[in-house]
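In this note's numbering, the protein residues as written are 1490 to 1761.
The beta-carbon is built from N, C-alpha and C at its ideal position, and this holds for glycine as well.
All values reported here derive from a predicted model rather than from experimental measurement.
Notes to accompany the following structure.
What follows is the structure, encoded as structure tokens:
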């Protein structure tokens, strides 16, 4: 057992090192016109707590009390970083003309048009003195007939749809108008790349969902993210055209400090 765990840890360490080397190589291939994008999952909802599949459900559940506190903690963190970056850029610009691109503050806030994402984005945008731009392409995966069900209910009531969600085939669409993993990837990647194209050389905050984060990470790195995609964690990527590089993923310092890091349905591609 100990040997198996050790081998697993070594494999994880090797993969992490390979990912870091890949990201460094990808960044070197980019120019100052590349865009730093903060990919941010919305705060917690009651449906997260109940393991209920949200997707694009018409009830459009709002943030709960914990989710509201998470969004405030995230907003405070972004404001703090913005102030630091603005100050740093002013100090460096005298000696390095590229400094504003290396240490720039957030200049725009985009959000999925689903309520839980909009509420989280609004808290940050108001704190930053920016407006929220709604982008439907950043929505969570459409889960068809599974939306509104818990995992147990889905397995019992919609076994074919539940199997389509969990089978691992990128082309498997969920009955009832649901998207396949490939559908989600195409939409989400196009949405993020469109945002990047509008803001060359800038830093942009994008508020979205667990499924979108999972597919963006896999698109950039080539494999699934090994951990949870925590509500209101900070994930950083650099995008230029169709080139992606992961800079950092799963930063939750602001949630740990405030005590609002949630363990609710945080990070499977079914969560929302």
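With contact defined as three or more Cβ pairs closer than 8 Å, the region 1697 to 1716 and the region 1644 to 1653 are not in contact. Here the region 1530 to 1540 makes contact with the region 1602 to 1610; the two share three or more CB pairs at distances below 8 Å.
Between residue 1659 and residue 1671, the CB-CB gap stays under 7 Å.
The C-alpha of residue 1680 lies about 8 Å from the C-alpha of residue 1624. Beta-carbon to beta-carbon, residue 1720 and residue 1738 are separated by about 15 Å, too far to satisfy the 8 Å threshold. Just so you know, the alpha carbons of residue 1656 and residue 1726 end up roughly 28 Å apart. For residue 1746, the uninterrupted alpha helix (DSSP H) segment begins and ends at 1742 to 1747. A straight-line Cα-Cα distance of about 23 Å links residue 1691 and residue 1602. A distance below 8 Å between beta-carbons, with the five flanking residues on each side excluded, links residue 1548 to the following residues of its chain, in chain order: 1637. Bounds of the alpha helix (DSSP H) holding residue 1707 are 1699 to 1710. In this chain, residue 1598 is not harboured by any alpha helix (DSSP H); it is covered by the beta strand (DSSP E) spanning 1595 to 1600.
Contact check for residue 1630 and residue 1544: beta-carbon distance about 6 Å, within the 8 Å limit, so the pair qualifies. In the DSSP annotation of this structure, residue 1520 is not part of any alpha helix (DSSP H), being labelled neither H nor E. Residue 1571 counts as buried, since at least 16 other C-beta atoms from the protein chains shown sit within 10 angstroms of its C-beta. Counting only residues of its own chain and dropping the five nearest sequence neighbours on each side, residue 1688 has a CB closer than 8 Å to the CB of 1524, 1596, 1597. The beta carbons of residue 1618 and residue 1667 sit no closer together than 7 Å.
Under DSSP, residue 1729 shares a beta bridge with 1732. Residue 1747 is positioned such that its CB atom lies no closer than 7 Å to that of residue 1613.
By the C-beta density criterion, residue 1743 is buried, having at least 16 other C-beta atoms within 10 angstroms. For the pair residue 1693 and residue 1599, the Cα-to-Cα distance works out to about 8 Å. Residue state for residue 1573 is assigned as helix, using DSSP reduced to three classes.
Assignment of residue 1695 by DSSP, reduced to helix, strand and coil, places it in the strand class.
When DSSP states are grouped into helix, strand and coil, residue 1632 belongs to the coil group. The bridge partners DSSP lists for residue 1723 are 1529, 1740.
By the Cβ-count criterion, residue 1674 is buried, with 16 or more other Cβ atoms from all chains shown falling within 10 Å of its own Cβ. Residue 1541 is classed as buried because its beta carbon has at least 16 other beta carbons within 10 Å across all chains shown. By the criterion of a C-beta distance shorter than 7 Å, residue 1593 is surrounded in its chain by 1574, 1578, 1691, 1692, once the five residues flanking it on both sides are discounted. Classified as exposed, residue 1712 has fewer than 16 neighbouring CB atoms from the shown chains inside 10 Å of its CB.
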